[in-house]
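Here is the structure we will look at.
Residue numbers (the numbering used here): 11 to 219.
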């Protein structure tokens, strides 16, 4: 099964019973990075959660390969479309335990392959996860998503807490994952980053009637 095409049509995002953004139309294609930019509070993170059915949109539809996501089994959807949250939590224990979380009998080669895809060598397996630098933790979080073998990734401001030097390898990772054929939806508040990394961009702002 190839990477999925993700679309939203007329999507509206609500928080606390109030619609914060509506009329969101976007398309995430295999092999491309789409940047989702906009002001704080515009519903960018909520949009990512709606795509993988952690939240339901107030209006509109999410389509995965032309099929309404509301018809898909949530766990199966989240295996195909991985979500890496902003400031992802590193669980107690080492990196191996973090990569293995929720998996039944994961193969060591698969865990090492996920690390390698993010530019980290197998020696990281035994590192204490909560002692990683911000940039290392960001890449381990992406590797954890990759252990599920998704076809697309939703990345919620993965470099928000990093300085420019630490952000550069993460940006390179995003481009490399797209070059491998994954569809990437990248939330960023950094206009310059969107220009460096993205093939397409969607501006998310307050368009509430």
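Note that the Cβ used here is the ideal one computed from N, Cα and C, for glycine as well.
In the structure shown, residue 193 falls within a strand segment according to DSSP collapsed to helix, strand and coil. DSSP assignment within the stretch 60 to 96 yields the following whole alpha helix (DSSP H) runs of 4 residues or more, N-terminal first: 84 to 90. In the structure shown, residue 172 adopts coil according to DSSP, grouped into three states.
Inter-residue distance for residue 31 and residue 93 is about 21 Å (C-alpha atoms, whole angstroms). CA-to-CA, the gap between residue 23 and residue 68 works out to about 6 Å. Selection 120, 80, 43 evaluated against residue 190 yields 43 as nearest (Cα-Cα). A distance below 8 Å between beta-carbons, with the five flanking residues on each side excluded, links residue 192 to the following residues of its chain, in chain order: 13, 40, 41, 160, 161, 162, 163.
Looking at the DSSP output, residue 162 sits in a beta bridge with 91, 193. The continuous stretches of beta strand (DSSP E) do not include residue 149, which lies in the alpha helix (DSSP H) extending over residues 144 to 156. One Cα belongs to residue 50, the other to residue 199, and the distance between them is close to 8 Å.
Counting only the Cα atoms, residue 178 lies some 22 Å from residue 54. Residue 60 sits close to residue 18, with the two beta carbons spaced by under 9 Å.
Residue 182 sits in a helix when the DSSP states are folded into three classes. Look at residue 206 here: in three-state DSSP terms it is helix.
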